[in-house]
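Read the structure below first, then the notes.
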Amino acid sequence: MPRYVYLDHAATTPLDPQVWQAMKPYCLDVFGNPNSLHLFGDEADEAVQQAKGDILHLLGAKQGKIVLTSGGTEANNLALMGIAQTYKHQGRHMVISAIEHDSVLSTCASLAKQGFTIHYVPADRTGRVRLDELEQALTEETILVSVMHANNETGVIQPIEDIGRLLQAKRLKQGTKTPFFHCDAVQTVGKIPIQVDEWNIDLLSFSAHKFYGPKGVGGLYVQKGIRLSPLLHGGGQEYGWRSGTQNVPGLIGAACALKQCQAHHDQDWQHYTALNHMMRETLESLPGIHLTVSAAYALPTHIHFRCERIEGQALMQELSKRGVAVSTSSACHARHWAPSHVMLAMGFSDEQAKQAVRISLGRNITKEDIHYVLNQIEDIVRTFRNSYVLS
Ligand SMILES: Cc1ncc(COP(=O)(O)O)c(C=O)c1O
207 MPRYVYLDHA
217 ATTPLDPQVW
227 QAMKPYCLDV
237 FGNPNSLHLF
247 GDEADEAVQQ
257 AKGDILHLLG
267 AKQGKIVLTS
277 GGTEANNLAL
287 MGIAQTYKHQ
297 GRHMVISAIE
307 HDSVLSTCAS
317 LAKQGFTIHY
327 VPADRTGRVR
337 LDELEQALTE
347 ETILVSVMHA
357 NNETGVIQPI
367 EDIGRLLQAK
377 RLKQGTKTPF
387 FHCDAVQTVG
397 KIPIQVDEWN
407 IDLLSFSAHK
417 FYGPKGVGGL
427 YVQKGIRLSP
437 LLHGGGQEYG
447 WRSGTQNVPG
457 LIGAACALKQ
467 CQAHHDQDWQ
477 HYTALNHMMR
487 ETLESLPGIH
497 LTVSAAYALP
507 THIHFRCERI
517 EGQALMQELS
527 KRGVAVSTSS
537 ACHARHWAPS
547 HVMLAMGFSD
557 EQAKQAVRIS
567 LGRNITKEDI
577 HYVLNQIEDI
587 VRTFRNSYVL
597 S
């Protein structure tokens, strides 16, 4: 009997049972439409306002708004498209890191077709966005800079506090409100305590299913005073930026999940760090395996490595047969096999990029799970080397 070990928590996490308990009354009893002007509506609206207030507080915002979305993809689209359409009279230039999630990169590709100029800033070999290049790329026409908090593939934490300071100084010097700073924090909300005010972040995306909340719910934090053009038109809900009846149970779940994460932060971080260390130590000792990034720069949940002459896809499939779930690149890429754009942006070759494997830890993973997975990796690598060399 194989052991089942899920090591793909960067793709999605299971729902925390406490979160489900918090959501349940809003599916069954408090089912009113928060936009209805009667007592059922008021009850739901009160819960919505309370949950949004809690999220704002947990993100370190004294003011501003939380726009409820269907997840990280929509939040990123709304941030980029919303700013582009509203502020295009001030400039049609944006600066984006080359290692962003596809939901940012594809939105930028669409904006480029509409006449916007997008400057892509590469990462260095450590996986961090090059600050010097980012600074040089800024012009007076730049209306938005978008850099993720941690990369979904490598887990590398980006210098967003430095970027926030840099942009604040630029705005003060120019005497303008732009460039705004958008941060895709889908991989860090629930793992790192966020401080949007302190870090000078204007817009921040998050997604509940990455931190033990429900799927299909996320949001965009928008600093006070910023205007956005909507993606969805209709009844004018969510400050007119995202029409449609709100997913009340989802929002309650997102707020509860974030509170749980914040409450267990220290304990979780220690747990991940211990398991991460264990994995790295063994992987490093195996011939032909290379860790892609240093633990000093990455989230402790992520272990990113490549195995010489073995494609990541082959290793992932073999592990899956043995009950272990890992990922090759971001999950959204998994059925569309191309070298990771993140690895390429960091300067790895096509061949090396295709060898990349991501392990992402979760709360319920044990040392025994890690021992089992390491034994499987060791065995697979040995078997592959002895029988069929893949690349
Ligand atoms: C960094 C990052 N941004 C955005 C997304 C998209 O989030 P969602 O699945 O909620 O649309 C993901 C999902 O993998 C992600 O890792």
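Residue numbers (my numbering): 207 to 597.
Positions of the beta carbon are idealized from the N, C-alpha and C atoms, including for glycine.
Note that the C-beta distance between Gly441 and Ser449 is below 8 Å. Gly431 is not a Cβ neighbour of Ser413, given a cutoff of 8 Å.
C-alpha of Gln256 to C-alpha of Ala228: approximately 13 Å in a straight line. Non-local beta-carbon contacts of Pro240 in its own chain, meaning distances under 8 Å to residues more than five positions away in sequence, involve Gly247, Ala250, Asp251, Ala253, Val254, Thr451, Gln452 and Val454 in chain order.
Taking 8 Å as the cut-off, the beta carbon of Lys416 is found closer than this to the beta carbon of Thr218. The beta carbon of Met552 sits no closer than 7 Å to any heavy atom of ligand 1. Between Asp368 and Leu344 the beta-carbon gap is near 14 Å, outside 8 Å, which marks them as no contact. By the neighbour-count criterion, in which a residue is buried when 16 or more other Cβ atoms sit within 10 angstroms of its Cβ, Leu245 is exposed. If you draw a straight line from the Cα of Gln320 to the Cα of Asn482, it comes to about 44 Å. 8 Å or more divides the Cβ of Gly553 from the Cβ of Gln401. Distance from the CA atom of Ser309 to the CA atom of Gln443, rounded to whole angstroms, is 23 Å.
Exposure of Asn570 is indicated by the presence of fewer than 16 other C-beta atoms within 10 angstroms of its C-beta.
With 16 or more other CB atoms across the displayed protein chains lying within 10 angstroms of its CB, Gly270 is buried. Taking 7 Å as the cut-off, the C-beta of Asp390 counts as close to a heavy atom of ligand 1.
Cα atoms of Met485 and Ala501: separation of roughly 11 Å, rounded to the nearest angstrom. Counting along the chain, the unbroken beta strand (DSSP E) around Ile495 starts and ends at Ile495 to Leu497. Inclusion of Thr279 in the 7 Å shell around ligand 1 follows from its C-beta lying nearer than that to a non-hydrogen atom of the ligand. The nearest non-hydrogen atom of ligand 1 is 7 Å or more from the C-beta of Met287.
Non-local C-beta neighbours of Ser303 in its own chain, meaning closer than 6 Å and more than five positions away in sequence, comprise Val327, Val335 and Val353, ordered along the chain. At a threshold of 7 Å, His215 does not count as near ligand 1, since its beta carbon sits no closer than that to any of the ligand's heavy atoms.
Residue ranges of uninterrupted beta strand (DSSP E) with 3 or more members, entirely inside the stretch 450 to 520 and ordered along the chain, are 495 to 497 and 508 to 513.
By the beta-carbon neighbour count (other beta carbons within 10 angstroms, threshold 16), Lys560 is buried.
Residue state for Arg433 is assigned as coil, using DSSP reduced to three classes. Nearest to Ile261 by alpha-carbon distance, out of Arg331, Leu426 and Leu243, is Leu426. For Arg591, the enclosing alpha helix (DSSP H) covers residues Lys573 to Asn592. Per the Cβ contact rule, the stretch 272 to 289 is not in contact with the stretch 359 to 377 (fewer than 3 Cβ pairs under 8 Å). Taking Leu580 as the centre and dropping the five residues before and after it, the same chain places the C-beta of Met485 and Thr488 closer than 7 Å to its C-beta, in chain order.
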